[in-house]
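In what follows, a single structure is set out as structure tokens and then discussed.
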Amino acid sequence: MSSEEFTYIYKPRLMGPAYEFALSKDSLDWAIGLRSGRVSYPMIRHIRLSYKPTNMASSRFITEIWPLNSAKIPIHSVSARSLIDMADQGDDYVRFLRELHRRVEAADANCVYEAGLPAWRWWPSVIVAVAAFLLVVYIAVQALIAAHYALTGIIVLIGGWFLWQIWHIVVRNRPRNYRYDEIPEDVLPKV
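So, in structure tokens, the structure goes:
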């Protein structure tokens with residue numbers, strides 16, 4: 002394993018503590034405010050990567066790590082800089098994740114690598130997206146039939162933008178497994 006130490010720090014909320022992570026020789030070390038811990042690489046059993054945009058950070062990516070006999074550890078690709086500004090840390094986030102995957106695999110951890118949402122959350126998202134599409138089409142057609150052309154245009158523009166956002170989230174978060182050395186690009190920030 003590399004002797005270089007990889008670290009990653011982010012703040013999910015402006016008024017909260019920083020989340021600090023370090024990849025040491027044998028473990029993932031973390032500190033959140035006054036709490037801290039260490040998870041050896043063979044104890045990491047599950048890693049899930051997903052795309053979860055927010056109002057202030059449209060390109061937020063989240064990694065969830067489930068160690069054996071411990072609580073889930075979240076890692077976000079953005080950090081709160083002010084009340085309305087999130088700093089994109091995509092380069093550092095991707096670098097840290099690739100090295101974490103490499104070290105977990107080198108430790109022969111028998112880890113499950115998943116991308117996207119769990120199927121039980123993804124399928125309802127697809128159903129909502131399709132229902133929203135049908136609803137926008139129905140409302141636009143009704144406005145067109147009633148000869149409200151300006152209203153039809155507004156509905157199509159706003160509805161189209163909304164549907165494009167939803168579809169982008171649904172497609173990126175389709176549930177699937179991946180190999181540690183083939184992390185899907187759609188659940189990682191562009192670097």
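Residue 39 in our numbering is what sits at position 38 of the sequence shown, and the numbering runs on without skipping anything. Beta carbons are placed, not taken as given, at the ideal position from N, Cα and C, and that holds for glycine.
Identify every residue that forms a DSSP beta bridge with ILE167.
DSSP lists no partner for ILE167.
Measuring straight from C-alpha to C-alpha, what distance separates SER37 and VAL137?
Taking the straight line from one Cα to the other gives about 48 Å.
Run through the region 61-121 for me and flag every whole beta strand (DSSP E) of 3 or more residues, listed as ranges in chain order.
62-68, 74-77, 79-81, 87-89 and 113-116
So which of HIS102, ALA151 and TRP165 has the shortest CA-CA distance to ALA133?
TRP165
Output needed for GLN90: all residues of its chain with C-beta closer than 7 Å, excluding positions within five of it in sequence on either side, in chain order.
TYR11, SER78, VAL79 and SER80
Can you look up TYR52 in the DSSP assignment and give me helix, strand or coil?
strand
Taking the continuous beta strand (DSSP E) assigned at LEU29, which residues delimit it?
Boundaries of the beta strand (DSSP E) harbouring LEU29: 28-33, taken from the DSSP string.
Assigned exposure category for LEU158 - 16 Cβ within 10 Å defines buried
With fewer than 16 other Cβ atoms within 10 Å, it is exposed.
Of all the options HIS47, MET87, SER51 and SER60, which has the alpha carbon lying nearest to the alpha carbon of ALA72?
HIS47
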